[in-house]
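K.L.:
Okay, handing you the structure first.
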Amino acid sequence: MADIIAVVAILAVVGAALFYIIKSKKDGVKCIGCPHAGKCSKCESKNKV
Numbered sequence: 190m191a192d193i194i195a196v197v198a199i200l201a202v203v204g205a206a207l208f209y210i211i212k213s214k215k216d217g218v219k220c221i222g223c224p225h226a227g228k229c230s231k232c233e234s235k236n237k238v
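Going by the numbering used here, the sequence shown opens with residue 190, and the numbers climb by one from there.
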């Protein structure tokens, strides 16, 4: 029974993370979770092109 609860908990966490990533990409976020709010060198080099 404990194994089933652990598997369900892990699947819930992974599912929530996937939902967040998919939702963010649909909203147009370039760097999900970027602490620099898209102002890092990686994002700025893409914007210059």
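We treat Cβ as the ideally placed atom computed from N, Cα and C, and that holds for glycine. Here the structure is a predicted model, which is why all the values come from computation and not from measurement.
Please report how far the alpha carbon of K215 lies from the alpha carbon of S230, in whole angstroms.
P.N.:
Counted from its first residue, the sequence shown places residue 215 at position 26. Counted from its first residue, the sequence shown places residue 230 at position 41. One C-alpha to the other measures close to 23 Å.
K.L.:
Are I210 and I221 touching if we call contact CB-CB under 7 Å?
P.N.:
Taking the first residue of the sequence shown as 1, we reach residue 210 at position 21. Taking the first residue of the sequence shown as 1, we reach residue 221 at position 32. Against a cut-off of 7 Å, the Cβ pair of I221 and I210 comes out as a contact.
K.L.:
Between which residues of its own chain and S213 is the CB-CB distance below 8 Å, once the five residues before and five after are set aside?
P.N.:
Counting from one through the sequence shown, the residue named residue 213 turns up at place 24. Once the five neighbours on either side are set aside, the close Cβ partners of S213 are I221.
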